[in-house]
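In our numbering, the protein residues as written are 8 to 244. Even for Gly, the Cβ is constructed at its ideal location relative to N, Cα and C.
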């Protein structure tokens, strides 16, 4: 599986002056035989076992990268992995050295909530993940289509922040402030990451609306050597 996947890294930056690095998100891409530099998103309709293998490999990559670079690293985990293989995933996370675990951010992906556990089970899992020392976040939140499970989960004390999906970020930066207020309400006014900051116009609005920013205007995803060469990821905007 490790020969099939390659990790790339995209920074999440603070919206405060100077845009210091909050963390690097470690993203899974499939290696392309024709061009090893071309990154192809993981096929979204993978079955539960393949998703677990992907999540497991990426957790290894994230832990290794955080240990090597000494920065916070975020890594996605699917609901299907939590539903079918939580015990294996938790054991793997527990084997990561404690100082590295404290720099890991586990992002629970809002893909298809019907494939994952219900609220009570998810709340228990989030609490156990947090007890390992890592940070827990909810990814790809859409306030208008959020499940009741995720709406309650976002208020869980162990969830540190939420990330808004690209379409939501772009609607908010286009003037839909009511949507931002709803996102903040769902997250109990925890920090909010605006994803999909893809151009200067979006950036100019987003920097005043979100706590943290992520997107191609700030930095394209890069491989590990490039990430190590540019750990500051300062924006020249």
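Nearest neighbour of residue i, chosen from the options [CA to CA]
| i | options | result |
| --- | --- | --- |
| residue 62 | 113, 168, 209, 174 | 113 |
| residue 107 | 88, 87, 132, 72 | 72 |
| residue 205 | 192, 175, 188, 183 | 175 |
| residue 235 | 178, 167, 80, 200 | 80 |
| residue 103 | 32, 153, 53, 140 | 140 |
| residue 22 | 58, 225, 178 | 225 |
| residue 31 | 77, 157, 168, 13 | 77 |
| residue 217 | 203, 198, 136 | 198 |
| residue 172 | 208, 214, 190, 98 | 190 |
| residue 215 | 194, 125, 182 | 182 |
| residue 34 | 70, 109, 54 | 70 |
| residue 67 | 38, 24, 14, 109 | 14 |
| residue 136 | 167, 159, 155 | 167 |
| residue 98 | 180, 54, 132, 127 | 132 |
| residue 59 | 128, 95, 233 | 95 |
| residue 207 | 195, 196, 221 | 221 |
Cβ neighbour criterion (16 or more within 10 Å) applied to residue i
| i | result |
| --- | --- |
| residue 150 | buried |
| residue 83 | buried |
| residue 93 | buried |
| residue 85 | buried |
| residue 188 | exposed |
| residue 87 | buried |
| residue 138 | exposed |
| residue 157 | buried |
| residue 185 | exposed |
| residue 244 | Confidence at residue 244 is low in this model, with a pLDDT of 42, below 50, so its placement is unreliable and the value that follows should be read with caution. Result: exposed. |
| residue 223 | exposed |
| residue 26 | buried |
| residue 193 | buried |
| residue 169 | buried |
| residue 5 | Nothing can be reported for residue 5, as the shown portion of the chain is limited to 8 through 244. |
| residue 42 | Low local confidence applies: a pLDDT of 47 at residue 42 is under 50, so the model's placement there is unreliable, with the coordinate-based value given in what follows. Residue 42 is exposed by the Cβ-count criterion. |
| residue 238 | exposed |
| residue 232 | exposed |
| residue 227 | exposed |
Residue-chain proximity (residue i, chain B), Cβ-Cβ < 7 angstroms
| i | result |
| --- | --- |
| residue 232 | The structure shown contains no chain B, having only a single protein chain. |
Pair within 7 angstroms by beta-carbon distance, residue i and residue j
| i | j | result |
| --- | --- | --- |
| residue 210 | residue 29 | no |
| residue 165 | residue 134 | yes |
| residue 247 | residue 163 | A query on residue 247 cannot be resolved here, the shown segment of the chain reaching from 8 to 244 and no further. |
| residue 19 | residue 200 | yes |
| residue 203 | residue 178 | no |
| residue 100 | residue 123 | no |
| residue 91 | residue 55 | yes |
Anticipated Cβ contact below 8 angstroms, residue i with residue j, distance rounded
| i | j | result |
| --- | --- | --- |
| residue 116 | residue 74 | About 24 angstroms separates the two Cβ atoms, so there is no contact after all. |
| residue 11 | residue 229 | With 8 angstroms as the limit, residue 11 and residue 229 do not qualify as a contact, their Cβ atoms being about 20 angstroms apart. |
Where are the beta strand (DSSP E) runs, 3 residues long or more, that stay fully inside the region 140-228, in chain order? 142-148, 166-171, 199-201
Which full runs of the beta strand (DSSP E) of 3+ residues lie inside the region 27-112, going along the chain? 28-37, 80-84
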